[in-house]
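Chains as they are written, first to last, in this note's numbering: chain X, 6 to 428; chain Y, 6 to 428.
Using N, Cα and C, we set each Cβ at its ideal position, and we do this for glycine too.
A quick note: this is a predicted structure, and the numbers were derived from the prediction, not measured.
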């Protein structure tokens, strides 16, 4: 019986991944897939199309970990060197696999093309290796058993790599069968309206005790614009009890975080609010000034949003606030376009002229220009009314540049709709 | 005289960079900065907070290249191990630099706080090393001369790392002084409306001859959603002549690509169109259906856009097309909301009701639902009129999912405005 595979390193091959425009993103998917079968990624690297360097990095990785995954460099051209470098490092000869050649030739023939001679390179595999079918491309993957260790070569394009690796990590796959019986179990929780440190302050007394548990629950807090996520993971061979422990743990966090916790199933806020509107049979209209269409754009990014989004006005100029929303020009003159009375009048205009169930308005100073001592950049007024409930108007101040002010404005409005519909 | 530094490797330290949520993005900035002083990045890696592993990776890098840059792991806590690992690998003792301790203590005192004892760790440097000031944080950088090679340790947060590395690569900086006299010179060119392979087909006969030139011009074609970029780079010690060669080369490409080339100074299409509108003193209004506000959002993402964007209507429902744009409901019944006559009527409605100089309308099937045999998902009709020029209506079909259809619709409209204003 061989010892289970517990550790891995990833080597992404391709000179284009060493410039200042492109990152290797495959490693995120690989880290996640390996984690689900309990394999820990110890390090990862990127190498240019340099046979000697790839061979050196690979040989060093193989000294350190149980599994080495190499991605990219399996194409048919001269600068696709991963096969050769791995064969060099392992002292294996490359031989042509006739079955692969036949498959590649067939792929070309289906498109009415002869197989270019260079593609024969893609059928070369180290002696003793197993080829892995690639449903979405011509380059097969390669699996090598090397002295109780496992080496996997996968093509670089994500749509080719992802199903191939998922198959290897699924129950019957070659990586899953060699991994230990432990699996990584995960649950998540999304919040909005609280800063990362505020979430941590609330969550820390709760999750710190889980660290001492057996097995321990690991907690990761991740801030994305307008949203703070809490991810809980647990390594265990017992799926049912692990899930139970995680759900109980998440429940404690949800209780502590209260209304700030808006989702436990991965949906983002525009989707969560959209689903609430759909379930309640409500329609929405918006009047946007400083956000310039961002709120409606985010809502309509969600497929099927035409069921509840009627539309709205981007009243970027004061002229449009008056002409299309009926906001009294004298009101704007007296209080300024960024004021609670103008925001309220924008909602009133929407209600009178569109009559959606939920009417919201945003007006503010997104910057970089336009700020005053009284209303500095980041000052945003939001107003909303749901059916015949009272009008709600809030003045916010958001930090960050133009883009962050705009994003946080829309996030605040969506969150307010959610809370009003929940409450 | 020492030999110049020509090659580098980067090691990013931090277990959080090995999960499935975060990538090391510092390496993009580092690659660009090093390239400007003619230093080539040969490989890069990410290591968890493991002293032995960091030391091993570092020692191996130092065997291969002239410069090793390590980022992260310079904080004050127990899992900040970069200093220790590098000292281990070089066989150097860590000693406290009193000047650094004093600086860190001063940073805390300015905020009225005593320096926590752990922060003294940040003042530990390998004997003989030089500390590098960090204007935006408490962790100083460290520069070590190791047997004609250079080792640089920088803090992980981008706002700390970036000014520190930029200083090292500027004319008087320690990296620039040790680099060769060659510099990397760059120019770029953005196109829209052509696919990546189409751009390559046009550009290839031109750039292939530059490869044979001395020094050769390197050409990179990079596709981003709705835009294909061509980047030309040239290594040379002669700045003036290099720039001249690159500008001439780019001129040839601009001529060959014709109207598809919209920018040579890095501005994106919404900014280019915005600048054209501002220069000509024109205003814009938009009526958006399937794009749901995306066009106006992209235009108003640009600071100062209130000078030319009046605003518009997100007429996501047919009701709003009729009520706010005056589109005859019978027209929608007869031809469907996604039709050239309805798009034209939307523009007409905008002109009558807002009267901007440039009026544009978008209506289409973004998907995933709503497609028919006649008008499949991806069918988008755009219409626009500039002042009293004739109305222009186009039916497009865009591939990709909902997000790509929406983005390409707005890109097509922006590009059409640009061409009409240029022509």
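- Message: Contact defined as beta carbons within less than 8 Å: I believe residue 348/Y pairs with residue 278/Y. What is the distance between those atoms, to the nearest angstrom?
- Response: About 19 Å; that fails the 8 Å criterion.
- Go ahead and label residue 85/X buried or exposed: buried means 16 or more other beta carbons lie within 10 angstroms of its beta carbon, across all protein chains shown. buried
- Item | Distance between residue 354/Y and residue 288/Y (C-alpha atoms, nearest Å) | 16 Å
- Can the beta-carbon of residue 324/X be found closer than 9 Å to that of residue 315/Y? yes
- Item | Inter-residue spacing [alpha-carbon to alpha-carbon] between residue 365/X and residue 345/Y | 31 Å
- At a Cβ cut of 8 Å, what residues of the stretch 32-60 of chain X count as close to chain Y, listed as they run along the chain? 32, 33, 34, 36, 37, 40, 46, 47, 48, 49, 50, 51, 52, 53, 55, 58
- Query: In terms of alpha-carbon separation, which member of 81/X, 363/X, 42/X, 176/X lies closest to residue 313/X?
  - Reply: 363/X
- Task: Note down, in chain order, every chain X residue with its Cβ under 9 Å from the Cβ of residue 318/Y.
- Result: 316, 317, 318, 319, 329
- Task: Count the other C-beta atoms from every protein chain shown that fall within 10 angstroms of the C-beta of residue 361/X, then say buried if there are 16 or more, exposed otherwise.
- Result: buried
- Can you find a C-beta in chain X that's less than 9 Å from the C-beta of residue 291/Y? yes
- What is the C-beta distance between residue 317/Y and residue 301/Y, in whole angstroms, given that I count them as a contact (C-beta under 8 Å)? 6 Å
- Query: Is it right to say residue 32/Y is buried, meaning 16 or more other beta carbons lie within 10 angstroms of its own, or is it exposed?
  - Reply: buried
- Item | Residues, ordered as in the chain, of the stretch 301-314 of chain X that lie near chain Y by beta-carbon distance below 8 Å | 301, 302, 304, 305, 306, 308, 309, 310, 311, 314
- Task: Can you have a look at residue 270/X and say buried or exposed, based on whether 16 or more other CB atoms are within 10 angstroms of its CB?
- Result: exposed
- Just the Cα atoms here: how many angstroms apart are residue 122/Y and residue 108/Y? 14 Å
- chain Y contacts from the stretch 369-393 of chain X (Cβ-Cβ distance under 9 Å): 371, 372, 373, 374, 375
- Mind listing which residues of the stretch 210-234 of chain X have their C-beta closer than 8 Å to chain Y's C-betas, in chain order? 225, 227
- DSSP state of residue 268/X mapped onto helix, strand, coil: strand
- Which whole-angstrom value describes the C-beta separation of residue 194/X and residue 259/X, a residue pair presumed to lie in contact below a C-beta threshold of 8 Å? 6 Å
- Task: With distances taken Cα to Cα, identify the nearest neighbour of residue 82/Y among 370/Y, 125/Y, 428/Y.
- Result: 125/Y
- Task: Tell me where the alpha helix (DSSP H) around residue 64/Y begins and ends.
- Result: 56-69
- Can you round the beta-carbon distance between residue 88/X and residue 129/X to whole angstroms, since I take them to be within the 8 Å contact cut? 6 Å
- Item | C-beta atoms of residue 319/X and residue 341/X nearer than 9 Å | no
- Please work out which residues of its chain come closer than 8 Å, Cβ to Cβ, to residue 34/X, disregarding the five sequence neighbours upstream and downstream, and give them in chain order. 163, 166, 167, 170
- Query: Would residue 175/Y count as contacting chain X if we go by Cβ distances under 9 Å?
  - Reply: no
- residue 40/X versus 235/X, 242/X, 417/X, residue with shortest Cα-Cα distance: 242/X
- Give, in chain order, every unbroken run of the beta strand (DSSP E) that is at least 3 residues long and sits entirely within the stretch 212-259 of chain X. 222-229, 232-241
- Quick one: Cα of residue 251/Y to Cα of residue 239/Y, how far? 7 Å
- Query: Taking DSSP as the reference, what is the three-state secondary structure of residue 129/Y?
  - Reply: strand
- Could you please give me the residues that DSSP links to residue 10/Y through a beta bridge? 184/Y
- Message: Quick check: residue 235/Y and residue 197/Y, are their CB atoms within less than 9 Å of each other?
- Response: no
- Could you check how far apart the C-beta atoms of residue 44/X and residue 7/X are, in whole angstroms? I think they sit under 8 Å. Not really, about 14 Å apart at Cβ, beyond 8 Å.
- Task: Closer than 6 Å by C-beta to residue 390/X: which residues in its own chain qualify, once you throw out the five before and the five after it? Chain order, please.
- Result: 352, 364, 396
- Message: Just verifying my parser: in three-state terms, what is the DSSP assignment at residue 425/X?
- Response: helix
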